[in-house]
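Using numbering that gives the first Met the number 0, you'd call the opening residue of the sequence shown number 0 and step up by one each time.
Glycine included, every Cβ here is placed at the ideal spot set by N, Cα and C.
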Amino acid sequence: MNCILLPATNFQHDNASAYINDLMQITHVNKVLTAKVGDTLKIGQLGGKLGSAIIKDIASDSIELGDIQLTINPPAKLNLTVVLALPRPKVLRRLIMDMTALGVNDIILINSYRTQKSYWQSPMLARLDEFVLEGLQQGVDTVTPRISLQKRFKPFVEDELASLITNRAIVAHPYSALSFAQYMQQQLKNPGPLHNSALPSMVFIGAEGGWIDYEIDLLAKQGCTAVNIGPRILRTEAAVNVILGQWLLSDAKMRLR
């Protein structure tokens, strides 16, 4: 945890004081930070600002904070929606944490041909808020991404997708002849009025084994471009981080233009 995030209900007296009552956060303060009364903690209010607080008292089930200073705005979200074929439950936690920490604005978990039906019954889906909180505390952010579940691929693509694409959309597909770098070069030749208009606003990432041809074709009919991210076929968690890393790198380069 690079900061301790607290819900608004944990703040009292117009944010003059607050308390930590989450067991994992208390353990982190005591065992990892080895903080004592009088020490300063980096904190934030969920949905609000970041700042600091002084530890006033430590008990077994709560930590009292005072001298609250919440003056720092959270980092801006990425103008990006990640549509992810629901992965294996053990992978889901890491991916939600990573995407949250990197600042993804919207996450859509979707069914695909290669998504096992049992994944939709996983108890991990009931713990998404927990994984988001871990990602926010890692990335020092307070604003949660929007997460939605889409259990039917074809109706979503045909009936809802077009209204959600605000700029461009790409589909990660290892068998595409077009690389992400080539795609970006093509888009930069025809930039729009905004500095980041060449960047895709939506990225589709498949399950282990990727998308099948039918899914690629259906997405292509909605204007989604299939791109590869190199000659290697990666696990879902590696592909997510590679794509987001390339997106961030491209965004940084465009800001320097």
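The secondary-structure analysis by DSSP pairs K41 across a beta bridge with S51. Burial is judged here by how many other beta carbons sit within 10 angstroms of a residue's own beta carbon; H172 has at least 16 and is buried. Rounded to the nearest whole angstrom, the CA to CA distance from K188 to D21 is 51 Å. In terms of Cα proximity to L101, the closest of T143, R231, L233, K252 is T143. When DSSP states are grouped into helix, strand and coil, G102 belongs to the coil group. Bridge partners of I107 according to DSSP: V82, S147.
Of the residues L177, T141, M98, the one whose Cα lies closest to the Cα of T235 is M98. Contact between T80 and I53 does not hold, since their C-beta atoms are separated by about 39 Å, which reaches or exceeds 8 Å. As computed with DSSP, G65 is found in a beta bridge with S16, I53. Per DSSP, reduced to three states, the secondary structure at S175 is coil, with no helix or strand assignment.
M253 sits in a helix when the DSSP states are folded into three classes. Put simply, the backbone Cα of D216 is about 26 Å away from that of L94. By the 16-neighbour rule on beta-carbons within 10 angstroms, Q44 is buried. Burial is judged here by how many other beta carbons sit within 10 angstroms of a residue's own beta carbon; G134 has at least 16 and is buried. By the 16-neighbour rule on beta-carbons within 10 angstroms, A197 is buried.
DSSP, reduced to helix, strand and coil, places V139 outside both helices and strands of the structure shown, so it counts as coil. N72 carries a coil assignment under DSSP once its states are collapsed to helix, strand and coil. Less than 8 Å divides the Cβ of S111 from the Cβ of F152. For T26, the uninterrupted alpha helix (DSSP H) segment begins and ends at 22-26. Per DSSP, reduced to three states, the secondary structure at M0 is coil, with no helix or strand assignment.
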